[in-house]
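Taking our numbering, the leading residue of the sequence shown gets 232, the next gets one more, and so forth. We treat Cβ as the ideally placed atom computed from N, Cα and C, and that holds for glycine. Report on one structure; see the data block that follows.
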Amino acid sequence: MKEQQPELVERLVEYQLKAKDVLAEAFIHKQRTRRLTPQEELRLHYQVLEEQAKEIESVREEVTGVREEVTDLKDNMPLFNVECKELQALVRSKGVQVLGGYKSTAYNDHSLRGKVYSDIQRQLKREFGISKYEAIKRSQLDIARSIVEEYKAPTVLVTEISNLNNQMRLA
């Protein structure tokens, strides 16, 4: 047969070798594995649980780190444009109040009104050591609001405002 059909013989030998390997793996492997005792099973489960606990702790530490980074970013992030505009509106509102209202003579004096707004803005920027509102950190926004709300005009401006507002009343 070898001489008549050498290809067939070669394929048959390959098949027998593969079959031998498959059968050996199936039966010999089963003989080598033995059933675990209950103590061994518990030990194995305990090892798996310990590994999972370590992984969980690692994830917790990572999450804590990410939370700290996010908090740090929130605190150190500069003001958004909307918050800057809100702060500017608060400055204008305080300026109107210091000048005596929209209908006051002091408010209608463009020069004096500009001085008051500039002084409030300078005070705010001086408190934080900045040149633009955008440099104020978001975590300091409440402090900035309270600085504007508690603003007191310097004596020079108070005198100028009261002189202008009192002149109108005399006339």
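In or out: residue i buried (at least 16 other Cβ within 10 Å) or exposed?
i	result
A402	Reliability of the predicted coordinates at A402 is poor, the pLDDT of 49 falling under 50, and the value obtained from them is presented with this limitation in mind. Counting Cβ neighbours within 10 Å, A402 comes out exposed, since fewer than 16 surround it.
I374	exposed
V347	buried
K316	exposed
V329	buried
K325	buried
I287	exposed
V253	exposed
A284	exposed
Y277	exposed
Y246	exposed
Could you check where the alpha helix (DSSP H) with residue i kicks off and where it finishes?
i	result
F311	Counting along the chain, F311 falls outside any alpha helix (DSSP H), and DSSP gives it neither H nor E.
K356	341-359
Between residue i and residue j, how many whole angstroms is the CB-CB distance? I'm expecting something under 8 Å.
i	j	result
E189	L310	Shown here, the chain extends from 232 to 402; a query on residue 189 therefore has no answer.
A384	D350	7 Å
L343	L395	6 Å
G331	A337	5 Å
Under the DSSP definition of a beta bridge, which residues are partnered with residue i?
i	result
K368	P309
Rounded to whole angstroms, what is the Cα-Cα separation between residue i and residue j?
i	j	result
F258	Q270	27 Å
L273	V294	31 Å
D361	V322	The amino acid occupying residue 361 in the given sequence is Ile; Asp does not appear at that position. So the two alpha carbons sit approximately 16 Å from each other.
R376	Q354	12 Å
S335	E300	50 Å
K249	P237	19 Å
D306	V297	14 Å
D303	K368	11 Å
Could you tell me whether any Cβ in chain B is nearer than 8 Å to the Cβ of residue i?
i	result
L254	Of the chains in the structure shown, none is chain B; there is only one protein chain.
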